[in-house]
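These notes are about the structure you will find just below.
There are 2 protein chains.
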Amino acid sequence: MKRRDFLGTAGAGALLTGGVLSGCGQESTPEKAASAAPEETIEWKMVTTWPKNFPGLGTGANNLARLIGEMSGGRLKVKVYGAKELVPPFEVFDAVSSGTAEMGHGAAYYWKGKSEAAQFFAAVPFGMTAQEMNAWLYYGGGMELWEEVYAPFGVVPAAAGNSGLQMGGWFNKEINGVADLQGLKMRIPGLGGEVLKRAGGTPVNLPGGEIFTSLQSGTIDATEWVGPYNDLAFGLYKAAQYYYYPGWHEPGTTIECMYNRQAFEALPADLQSIVSSACRVANADMLAEYTARNNTALQTLVNEHNVDVREFPRPVLDKLRTISEEVVAEIAAQDALSAKVYESYQTFRKQVVAWHDISERTYLNVRGG
Amino acid sequence: MKRRDFLGTAGAGALLTGGVLSGCGQESTPEKAASAAPEETIEWKMVTTWPKNFPGLGTGANNLARLIGEMSGGRLKVKVYGAKELVPPFEVFDAVSSGTAEMGHGAAYYWKGKSEAAQFFAAVPFGMTAQEMNAWLYYGGGMELWEEVYAPFGVVPAAAGNSGLQMGGWFNKEINGVADLQGLKMRIPGLGGEVLKRAGGTPVNLPGGEIFTSLQSGTIDATEWVGPYNDLAFGLYKAAQYYYYPGWHEPGTTIECMYNRQAFEALPADLQSIVSSACRVANADMLAEYTARNNTALQTLVNEHNVDVREFPRPVLDKLRTISEEVVAEIAAQDALSAKVYESYQTFRKQVVAWHDISERTYLNVRGG
Chain A
13 MKRRDFLGTA
23 GAGALLTGGV
33 LSGCGQESTP
43 EKAASAAPEE
53 TIEWKMVTTW
63 PKNFPGLGTG
73 ANNLARLIGE
83 MSGGRLKVKV
93 YGAKELVPPF
103 EVFDAVSSGT
113 AEMGHGAAYY
123 WKGKSEAAQF
133 FAAVPFGMTA
143 QEMNAWLYYG
153 GGMELWEEVY
163 APFGVVPAAA
173 GNSGLQMGGW
183 FNKEINGVAD
193 LQGLKMRIPG
203 LGGEVLKRAG
213 GTPVNLPGGE
223 IFTSLQSGTI
233 DATEWVGPYN
243 DLAFGLYKAA
253 QYYYYPGWHE
263 PGTTIECMYN
273 RQAFEALPAD
283 LQSIVSSACR
293 VANADMLAEY
303 TARNNTALQT
313 LVNEHNVDVR
323 EFPRPVLDKL
333 RTISEEVVAE
343 IAAQDALSAK
353 VYESYQTFRK
363 QVVAWHDISE
373 RTYLNVRGG
Chain B
13 MKRRDFLGTA
23 GAGALLTGGV
33 LSGCGQESTP
43 EKAASAAPEE
53 TIEWKMVTTW
63 PKNFPGLGTG
73 ANNLARLIGE
83 MSGGRLKVKV
93 YGAKELVPPF
103 EVFDAVSSGT
113 AEMGHGAAYY
123 WKGKSEAAQF
133 FAAVPFGMTA
143 QEMNAWLYYG
153 GGMELWEEVY
163 APFGVVPAAA
173 GNSGLQMGGW
183 FNKEINGVAD
193 LQGLKMRIPG
203 LGGEVLKRAG
213 GTPVNLPGGE
223 IFTSLQSGTI
233 DATEWVGPYN
243 DLAFGLYKAA
253 QYYYYPGWHE
263 PGTTIECMYN
273 RQAFEALPAD
283 LQSIVSSACR
293 VANADMLAEY
303 TARNNTALQT
313 LVNEHNVDVR
323 EFPRPVLDKL
333 RTISEEVVAE
343 IAAQDALSAK
353 VYESYQTFRK
363 QVVAWHDISE
373 RTYLNVRGG
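Residue numbers (the numbering used here), protein chains in the order written: chain A, 13 to 381; chain B, 13 to 381.
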């Protein structure tokens, strides 16, 4: 999913309705009523790594800002800036760290330059799903570690969204076995790209705006993106023959909101609680949105656009998994903090796999269509 | 999971630490600071169907109340009452409807006496998982239908927790085939009980406090409860030989918070938003808690108590699924509103199964241990 922040076209203007607070049976605006008399209005800037209003991710940032405004009765107003509007997407972390913006919205794997350990808080190939990530973050020590990773920069992290399980990507070459990965030119950044490289492929990093053309012209053989909801909007089905699953490289990507520590600590306790809680709402809400919209979009892709949906052959997934384990272990070996995060993540993953093997996994296999 | 509200012993005093707001890097209490000058303090009562402080469920109600207090800077104080403290557990809905309490905490299947349709908003045998339920509720029209079901009673519903996938239960008889369901005396209330009955079993309804003794003495052959986290605390491993999975009858039970409509509408807009959002936080938080604690408890059950964990044979699950479909369809046939909810639920379920077949399900099957 990485680096889609360069994207400047798809989904612009597609501001979603519904979303956070849908179904609450009320329309509440800060202006409507507020029994608390605001002593002052605080204004915050939120810089984001996404194009303004990008479906799911950018609109998730909008929802979060709106919710903070609603809950605070207008006492805390958060203005959202799309990528490049205030700072370039990859400078979001620094902007929050320095206080140029009080708040940032992105994904932790963008900040591996600050700490390799950051990647564990976004997506790990063959790692935990959305539900498992949240269990680790909130009840398995994950949040405390994430705070430790960002602390030297004066930044406080929060989970603020999740894409759910992604798709494997769009391909113009059939993948029938491990040999088909040899020489495969695929736009797949980050850890997934490193894994593909070691499997014999050629990972390519392209700005979002060049992906479609590169795929259509044959400059690349394949690309990963997100899942049906975003991929349909991006029109990738027009440029590729096969749509492979599952998204082994991003099995439940956590989206983050982070705040400048000084700005956050200067807030009164109720506004701190509102900001933290709004992130919790946004985290769960985005997963619900992706789950619902992916399933609708998948029907459209299959029924209206005749997309050829295929599963990666098991030997291919086995190979990618083995390499993924090596790559992730190497990250962990780079420094003490990464090792500490890896240890916590892997221990929790192992146990939750045992639990989900007899719960979610078995159930999904037996429940019928 | 039903009727555990009669329980008066297990887990009392086990008030959990962590939970909502854990990992937010702050301690905030209403007293600490609040830039908004409270014009008045509103006091609400929350009646619950759970024993006070019951792990996960009762503590989830406590977390929710505390969060409302924090976010409102103490302007809205919610006092939580355990089952029987103010009203009996099965009078919670009526208490909220009449305004005896402004808020209630339970699960919608308790209110099937008000509307059969209510059951779709808690748990449906072979139905949707927690993640799918949230997608349906917030982005698939589910919340609007739930509001419609409760509207005649002046009650507004919110999802405020989820147990995740439950276990099939504790058995002193091996289940090797469909024939073993014949005459099986099992404590399993609600829809699951009706399904068991049609499969030849004898569903028994027992208050929580009698389950352990009944199972130990052989009065019943089996009981369902929740999952490892609650079941370990309840000591059921001491009274049964086999622990079966999966929990086909409750694949992701939604816990509800509901409010008296008049009381809710009398709140200023910011407090309405705070109450609704606190429910959203609690909804996701409880699932994270169960996911994390179930996986820890499962290790304890297996490694320290030598619990014999077994999977229901596939023909048994196939039989139960077929009957479940009949039972659920019969509910839908009882009245127009139930039919409308069933139609929405089933349509969404069918589509999300297709999406999760190529995402969550495939991934859980291939990711390795």
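Each residue gets a CB set at the ideal place from its N, CA and C atoms; glycine is no exception.
Residue i classed as buried or exposed, judged by whether at least 16 other C-beta atoms fall within 10 angstroms
i      : result
R16/A  : Since pLDDT at R16/A reaches only 34, below the 50 mark, its modelled position is unreliable, and the value read off the structure follows with that caveat. Classification for R16/A: buried.
S288/A : buried
N318/A : exposed
N242/A : buried
N315/A : exposed
S229/A : exposed
G37/A  : Since pLDDT at G37/A reaches only 33, below the 50 mark, its modelled position is unreliable, and the value read off the structure follows with that caveat. By the neighbour-count rule (16 or more Cβ atoms within 10 Å), G37/A is buried.
K250/A : exposed
G1/A   : A query on residue 1/A cannot be resolved here, the shown segment of chain A reaching from 13 to 381 and no further.
T61/B  : buried
P327/A : exposed
E128/B : buried
G68/A  : buried
Q284/A : buried
D282/A : buried
A348/B : exposed
K362/B : exposed
G111/A : exposed
E301/B : buried
E372/A : buried
8 Å Cβ shell around residue i - same chain, five flanking residues per side excluded
i      : result
P325/A : I187, N188, G189
V207/A : P137, H261, L332, I335, S336, V339
A252/A : W182, F183, N184, L227, A234, T235
E159/A : V168, P169
T303/A : G176
N377/A : none
Cβ-based neighbour list, residue i, same chain, cut-off 6 Å, excluding 5 preceding and 5 following
i      : result
G173/A : G72, I267, A294, N295, M298
E144/B : V364
Y254/B : F183, D320, R322
E355/A : none
K209/A : P215
E39/A  : Confidence at E39/A is low in this model, with a pLDDT of 36, below 50, so its placement is unreliable and the value that follows should be read with caution. Once the five neighbours on either side are set aside, E39/A has no close Cβ partner at all.
E154/B : The sequence as given places Gly at residue 154/B; Glu does not occur at that position. Around G154/B: W148.
F165/A : S109
A344/B : S350, A351, Y354
Q194/B : G212
A120/A : A130, F133, A134, E268
G205/A : P215
K124/A : A130, Q131
G152/A : F360
Bridge partners - residue i, DSSP secondary structure assignment
i      : result
V216/B : R199/B
L88/A  : I54/A
Y256/B : G181/B, R322/B
A234/A : F183/A, M198/A
N174/A : T266/A
N272/B : V167/B
G221/B : Bridge partners of G221/B: none, in fact.
H117/A : T60/A, C269/A
Contact set for residue i: own chain, Cβ-Cβ below 7 Å, skip 5 residues either direction
i      : result
V141/A : Here the sequence assigns Thr to residue 141/A, which means Val is not the residue at that position. The answer, listed in chain order, is L177, P263, G264.
V90/B  : W56, M58, A77, I80, G81, M115
A113/A : K57, M58, V59, L98, A107
L244/B : A309, T312, L313
F102/A : Y122
R273/B : G166, V167, V168
G118/B : T60, T61, V104, E268
Interface residues of the region 317-330 of chain B facing chain A [CB-CB below 9 Å] = So the list reads V321, E323, F324, R326, L329, D330, given in the order they occur along the chain.
With 9 Å as the limit, tell me which residues of the region 350-375 of chain A have their beta carbon closer than that to any beta carbon of chain B; keep them in chain order.
-> F360, K362, Q363, V364, V365, A366, W367, H368, D369, I370, S371, E372, R373, T374, Y375
Residues from the region 199-211 of chain B in contact with chain A, defined by Cβ distance under 7 Å = none
Near-chain B residues of the region 76-105 of chain A (beta-carbon distance less than 7 Å), N- to C-terminal order = Cβ contacts with chain B: L79, E82, M83, S84, G85, R87.
Which parts of the region 294-368 of chain B are runs of the beta strand (DSSP E), unbroken and 3 residues or longer, counting only runs that do not cross its ends?
-> 320-323
Name the residues in the region 275-286 of chain B whose C-beta lies less than 7 Å from a C-beta of chain A; which are they?
-> P280, A281, D282, Q284, S285, I286
Name, going along the chain, the residues of the region 243-268 of chain A whose beta-carbon falls closer than 8 Å to a beta-carbon of chain B.
-> Y257, P258, G259, W260, P263
Interfacial residues, the region 119-131 of chain B to chain A, with Cβ spacing under 8 Å | none
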